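S.K.:
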Amino acid sequence: MQGLQLSNRSCERSAVNLCVDMAAAQVHELILGCHQQRYSREQAIATLNISFDTLFANFLQGSNHSGS
196 MQGLQLSNRS CERSAVNLCV DMAAAQVHEL ILGCHQQRYS REQAIATLNI SFDTLFANFL
256 QGSNHSGS
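Okay, so the sequence shown: first residue is 196 according to this note's numbering, each after it adds one.
This is the structure we're talking about:
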């Protein structure tokens, strides 16, 4: 929250919590998939990079209210 405020962005705490929980759930599931050898670590990391780029870009777009 502090980082968002310092960059002149604002959003509800629940939106931040939701974004963080979604990211954590993805990481957890991909770790399980790697341990179960359903895909490689490299595939999981590549997929996670794309997913995080999209997730956080959309989140930041929605919180780009500078108040001016």
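No residue lacks a Cβ here, since even glycine has one placed at the ideal position from N, Cα and C. Given the structure is predicted, the values throughout are model-derived calculations rather than measurements.
#1: Could you give the distance in angstroms between the alpha-carbon of Ile226 and the alpha-carbon of Gln232?
#2: State buried or exposed for Ala220, treating a residue as buried only when at least 16 other CB atoms are found within 10 Å of its CB.
#3: What's the call for Phe254, buried or exposed, on a 16-neighbour Cβ count within 10 Å?
#4: Apart from the five residues on each side of it in sequence, which residues of its chain come closer than 7 Å, Cβ to Cβ, to Asn212?
M.R.: According to the structure data:
#1: 10 Å
#2: exposed
#3: buried
#4: none
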